[in-house]
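**Q**
Number of protein chains: 2
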Amino acid sequence: MRHEMHLTIETVCFALTEGRLQVLLVKRTGEPFSGAWALPGGQIQLDEPFDAAAQRILSESAGVWGVYLEQLYTFGDPGRDPRGRSVSVTYYALMPAMSVGSGMRTARPGPGWSAAEWHPVDQLPGPLAFDHGRIVSYARWRLSQKISYSPLAFHLLPENFTMSDLRGVYEAIVGEEYDPSNFTRQMLARWDLAPVPGTRDRRSRRPARLYRYIGPREIPGSPDSLDEIEMETEPALDPASSESETRD
Amino acid sequence: MRHEMHLTIETVCFALTEGRLQVLLVKRTGEPFSGAWALPGGQIQLDEPFDAAAQRILSESAGVWGVYLEQLYTFGDPGRDPRGRSVSVTYYALMPAMSVGSGMRTARPGPGWSAAEWHPVDQLPGPLAFDHGRIVSYARWRLSQKISYSPLAFHLLPENFTMSDLRGVYEAIVGEEYDPSNFTRQMLARWDLAPVPGTRDRRSRRPARLYRYIGPREIPGSPDSLDEIEMETEPALDPASSESETRD
DNA sequence: GGTAATAATAGTCATTAGTACCATGTACCG
DNA sequence: CGGTACATGGTACTAATGACTATTATTACC
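Same order as they appear, the protein sequences are chains C and P.
Under our numbering, the first residue of the first sequence is numbered 37, with each subsequent residue one higher.
Under our numbering, the first residue of the second sequence is numbered 37, with each subsequent residue one higher.
1. Which same chain residues end up closer than 6 Å to I250 (chain C) when comparing Cβ atoms and leaving out the 5 residues on each side of it in sequence?
2. Quick one: is the Cβ of G99 (chain C) within less than 6 Å of any heavy atom of the ligand HEM?
3. Just checking: is the beta-carbon of V210 (chain P) within a distance shorter than 7 Å of some beta-carbon in chain C?
4. With the cut-off set at 7 Å, would you say L43 (chain P) and V123 (chain P) are in Cβ contact?
5. Quick one, which residues of the segment 109-129 of chain P are near chain C if we go by CB-CB under 8 Å, in chain order?
6. May I have the straight-line CA-CA distance separating P68 (chain C) from P118 (chain C), to the nearest angstrom?
7. What residues in its chain sit with their C-beta under 8 Å from that of P187 (chain P), if we drop five residues either side in the sequence?
8. Give me the chain C residues within the contact set of L75 (chain P), using Cβ-Cβ distance strictly less than 8 Å, ordered along the chain.
9. Where does the unbroken beta strand (DSSP E) through M131 (chain P) begin, and where does it stop?
10. Would you say P132 (chain C) faces chain P, with C-beta separation under 7 Å as the test?
11. Got a sec: is the Cβ-Cβ distance from M37 (chain C) to anything in chain P below 7 Å?
12. Given that a residue counts as buried once 16 or more other Cβ atoms are within 10 Å of its Cβ, and exposed if not, what is D167 (chain P)?
13. Can you tell me which of C:P163, C:A72, C:M41, C:F190 puts its alpha carbon nearest to the alpha carbon of Q79 (chain C)?
14. CB-CB under 6 Å to S70 (chain C), same chain, minus the five flanking residues each way: which ones, in chain order?
15. May I ask you to list the residues that DSSP assigns as paired with N196 (chain P)?
16. In angstroms with no decimal places, state the Cα-to-Cα distance between P111 (chain P) and G55 (chain C).
17. Would you give the residue range spanned by the beta strand (DSSP E) that S150 (chain P) belongs to?
18. Within the same chain, show all residues whose beta-carbon is closer than 7 Å to that of S200 (chain P), passing over the 5 residues directly before and after it, in chain order.
19. Taking L82 (chain C) and H155 (chain C) to be in contact with their CB atoms under 8 Å, please state how far apart those CB atoms are, rounded to whole angstroms.
20. To the nearest angstrom, report how far apart Y206 (chain C) and V232 (chain C) are at their CA atoms.
21. Quick one: Cα of S277 (chain P) to Cα of D113 (chain P), how far?
22. Quick check on F69 (chain P): does DSSP put it in helix, strand or coil?
23. My guess is that L202 (chain C) and L193 (chain C) are in contact by the Cβ rule of under 8 Å, so how many angstroms apart are they, rounded?
In structure tokens:
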């Protein structure tokens with residue numbers, strides 16, 4: 037079986053531009069789905085952890101690196117790749133808004149792809165290759181769920197940000213509008229936010245205060261950051277008696 | 037590379053007995069970790085969906101079937117198996133309390149295992165094989181998180197149950213005690229619960245009312261139950277192409 | 001400069017949700 | 001038959017939320 041099964045990594049990379057959630061896509065050059073947009077993806081190397089592979093693939097195929105990564109789901113339905121059984125461990129990635137258009141993290145296609153571009157997630161350029169549309173849908177849904185109990189939003193913002201910035205992230209992801217005053221109150225209550233002295237001139241009217249998130253960067257308990265939670269185990273007594281004994 | 041990578045499925049199967057959360061373990065007979073307890077697991081067949089594989093493996097290795105399944109995480113760190121690169125797509129399973137000890141779903145070891153038993157999750161019989169201890173920890177943590185926003189608890193109960201039963205599930209999983217009165221009020225507000233006429237004689241004092249959960253069995257949006265969420269796409273213009281072979 | 005426009009921030013208040021706790025009902029057990 | 005245990009009902013207090021108004025600091029424009 038293992039000879040015929042392909043294992044790949046695909047990453048849904050998100051960033052916020054102009055108040056809209058964007059996803060990073062690359063254009064395929066080979067069959068099948070030649071010419072279609074797809075998620076940056078590729079094969080895992082033999083001695084490479086998943087996260088490292090995802091980072092590498094993202095940088096090789098789209099010129100983007102240094103993102104925050106979290107495993108999303110593993111898709112393995114027979115038939116999702118017309119060539120044969122294919123298993124994709126998928127990740128989603130978040131990167132700060134400013135990094136997108138500004139120089140070093142501009143998307144550009146790597147070898148094997150003819151283009152790499154950011155696209156608004158609610159306005160994709162046609163159906164994606166394979167089941168990648170479904171993967172994007174699910175990533176987006178997960179994002180919208182998880183942002184309420186995990187400090188994901190701060191990975192989409194630069195180190196210092198205003199409450200408007202933060203509100204923009206929530207509004208883009210959740211798709212609802214929030215009252216600025218109530219929103220600020222809730223954020224200050226929920227997260228560890230430290231005020232930063234200066235103000236960033238957003239050429240708006242009244243200058244907005246700057247904040248910095250100083251809490252944990254991810255929710256404790258995730259397997260990426262699992263510190264082998266304390267677990268009481270009995271000393272392994274009796275490795276001998278090995279009969280089928282049903283407990284309870 | 038694909039020749040050297042193993043892909044397996046492991047399942048953390050939970051059930052509640054005597055108010056404690058139990059996990060289903062099997063005892064290994066082969067190296068490595070011969071004689072150690074491990075999660076029921078095995079290889080995926082070439083044309084088999086993950087869920088089907090998990091159900092099959094659970095029934096083959098531990099004699100248990102018909103459980104509720106949800107994908108947990110995919111573990112693929114190099115070094116997690118001393119024999120070489122191994123990737124495990126893990127699931128967690130939930131089954132009603134009554135099924136455990138009662139006949140048809142008694143745990144019993146399949147070929148290749150010397151034992152199959154339920155063990156209290158906070159009192160495991162020594163360190164588990166491979167990184168399975170870590171997997172159990174994570175499954176348990178996920179369960180404790182997800183029970184608050186997903187109707188997981190009802191998969192651990194028979195069709196009809198009392199509020200005490202339900203409260204027992206929450207207390208075993210979350211590890212806190214709840215005020216019976218407040219708990220009932222919250223459950224009735226959060227979930228779709230229909231009262232069932234009779235009462236089950238739990239030989240307690242005052243007979244408790246029976247309820248049945250009539251809402252959706254899993255949270256909508258999960259990829260297992262994804263109905264290809266609506267997504268506006270522009271028509272795919274420019275299907276120009278070239279060569280090269282990139283997989284996904 | 002004066003003033004309108006705009007968005008940030010502050011504050012108010014009614015409603016809702018959450019928590020602690022007491023009261024009563026209905027069994028079982030001496 | 002009274003005591004105990006647990007299910008259920010209810011009440012009062014507190015915290016969180018949401019809708020709304022007010023104030024403030026800046027820019028744009030005249």
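Think of the CB as a built atom: it goes at the ideal place given N, C-alpha and C, for glycine as much as any other residue.
Quick caveat: nothing in here was measured; it's all calculated off a predicted structure.
**A** Result, derived from the coordinates:
1. D228, A230
2. The ligand HEM is not part of the structure shown, which contains no ligands of any sort.
3. no
4. yes
5. Y109, T110, F111, G112, D113, P114, R121, V123, V125
6. 8 Å
7. W227, Y249, G251, P252, R253, E254, I255
8. None at all; the shortest Cβ gap to chain C is about 14 Å.
9. 122-131
10. no
11. Any reading at M37 (chain C) needs caution, since the residue's pLDDT is 45, under 50, leaving its predicted position unreliable; the model's value is listed next. It does: the Cβ of M37 (chain C) has a partner Cβ on chain P nearer than 7 Å.
12. buried
13. C:M41
14. R64
15. P:R248
16. In the sequence as presented, Pro is not what sits at residue 111 (chain P); that position holds Phe. Roughly 35 Å separates the two Cα atoms.
17. 149-156
18. A244
19. Wrong, their Cβ atoms sit about 33 Å apart, outside the cutoff.
20. 21 Å
21. Residue placement at S277 (chain P) is flagged as unreliable, the pLDDT there being 41, under the threshold of 50; the coordinate-derived value follows with that caveat. Roughly 36 Å between the two C-alpha positions.
22. coil
23. 7 Å
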